[in-house]
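Numbered per our numbering, the sequence shown spans residues 896 to 1279. Where is the CB? At the ideal position from N, CA and C, for every residue including glycine. Quantities reported herein were computed from a predicted structural model and do not represent experimental measurements. Below is one structure, written out as structure tokens; comments come after it.
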Amino acid sequence: MNDFFKKLLAFLIVIGLGFGGMIGIAASAGDEDEKEVVDTRPYVKVESAAAQNYQVLINSFGEVQPLEATTLSAQVSGELISWNPKFVAGGLVKRGEVLFSIEKDSYEAALLLAESELALAQSQLIEEQARAEVAKREAKNLPAAKVSDLYLRKPQVLSAKARLKAAEANIKIAKRDLRNCDVKAPYDALIISRDIGLGQFVNRGSAAGMINNVETAEVVFPIAGFDSKFLPSNLENQEAIVINKGNQTFSRVGQISRDLGVVDQSTRMSQLVVRIEDPYSLKTNAPALKFGSYVEVNISGQTLENVYRLPQDLVTNKIVWVVDSENKLLPKRVEIMREEGEYFLISKGLKNNDQVVMTLPEYPQKGMEVRLSTENDSNELVAN
């Protein structure tokens, strides 16, 4: 009896499992019938192409250099009695500041002597002119044959005038030598070196130090051949932006001074010169643009009309992908006029309102159907 109930129970369990399986299969088949068709077209983001007038930016690099460098020399001989505390390497001095002084006693004495010679020459001229006047009055009572230039004391007057001019010249020389005892900065200057010291006897013409002009700096920078055709027609006084990207990034405004007028034989590049006023900022609070700094120079070139500016990663082998009116990918061959930074300037191949693909599918194909990405689509994609 127990065996009978056991077999019956097992039979009922098998029947139940089979019925449940049939119900599950039927339900699964119903779900598949109701499942929506998946749209496999890739999303792309597009932007409308718009031609514009674009001013070319030409950039290059160069080194900041002084407009002029001067080797200071003593113009008189003598003992060095003092020098300016700023007359050391790295010191900055203003135009007209005394850099060092040479002992003046002998030059002051020379000036006094020249002044005395001038006074003596003046008195001699006055005396000779007076004698000549007397001789001229007396000559009125003499026969003309007896009146000569020597009698009228004309040679003596000329000689006295010559001595006066010589004395005046000696005065100028003595004053010049006395002034030259104080050697002054000929311009706002950076001291590069000082080669003299206190108590040293300095000879006329001996080197005393080296200074650089900090009133004006220059940057010589090359222009590549492919940039040359985009230069403006008139470069003189063209504004240039000089950018220092060292520990502290800053920019200064300069002006194109000149074209060096030659093409470098090794690089085939021409060279321009930009000038920057007050590079060490003695008159302002701007950061100093130090000599030797390697800087970037940007100048504005020609204005190109009706060009398209696209990121370089959208252009492959001169092909740009657009979406046509049927939302299909279409490749367009373009003509690249210029590469500028991360962009290409395109002159031909595109037209206004072309829907340029900004996010290409992994393997784009001509005629591939795509969906245009919108803000809502993007949100849905993120959610899924």
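- Each residue's CA atom was taken as its position, placing Val1097 and Leu994 some 14 Å apart.
- Remark: fewer than three beta-carbon pairs, one from each stretch, lie closer than 8 Å, so the segment 939–946 and the segment 1158–1175 are not flagged as touching.
- Setting aside the 5 residues that flank it on each side, Asn1248 is surrounded in the same chain by Ser943, Ala944 and Ala945, each with a C-beta closer than 8 Å to its C-beta; the list follows chain order.
- Counting only residues of its own chain and dropping the five nearest sequence neighbours on each side, Glu998 has a CB closer than 6 Å to the CB of Gly973, Glu974 and Ile976.
- For Ala964, the uninterrupted beta strand (DSSP E) segment begins and ends at Ala964 to Ser968.
- The Cβ atoms of Val1265 and Val1217 lie no closer than 8 Å to each other.
- Distance from Ser955 to Ile1118 at the Cβ level is roughly 6 Å; contact confirmed, criterion being Cβ atoms closer than 8 Å.
- Rounded to the nearest angstrom, the gap between the Cα atoms of Phe982 and Thr1144 is 30 Å.
- A straight-line Cα-Cα distance of about 34 Å links Thr1179 and Leu1093.
- The beta carbons of Leu967 and Gly1104 sit about 5 Å from each other, so the pair counts as a contact at 8 Å.
- Pairing Val933 with Gly1196 gives a Cβ-Cβ distance that is not under 8 Å.
- With contact defined as three or more Cβ pairs closer than 8 Å, the segment 1070–1087 and the segment 1139–1155 are not in contact.
- Within the DSSP secondary-structure output, Ala1135 pairs in a beta bridge with Gly1149 and Ile1194.
- By the 16-neighbour rule on beta-carbons within 10 angstroms, Ile1194 is buried.
- Assignment of Pro1038 by DSSP, reduced to helix, strand and coil, places it in the coil class.
- Per DSSP, Tyr1238 is one residue of the beta strand (DSSP E) stretching across Tyr1238 to Lys1243.
- Looking at the backbone, the Cα of Ala1080 and that of Asn1132 are separated by about 28 Å.
- For Asp1219, the three-state secondary structure derived from DSSP is coil.
- Under DSSP, Arg1058 takes part in no beta bridge, so it has no partner.
- In this structure the segment 1021–1034 lies against the segment 1047–1060, because at least three pairs of beta carbons, one per stretch, are closer than 8 Å.
- One thing to note: Ala969 has its Cβ no nearer than 8 Å to the Cβ of Arg1071.
- DSSP places Val1202 in the strand class (E or B) of the three-state scheme.
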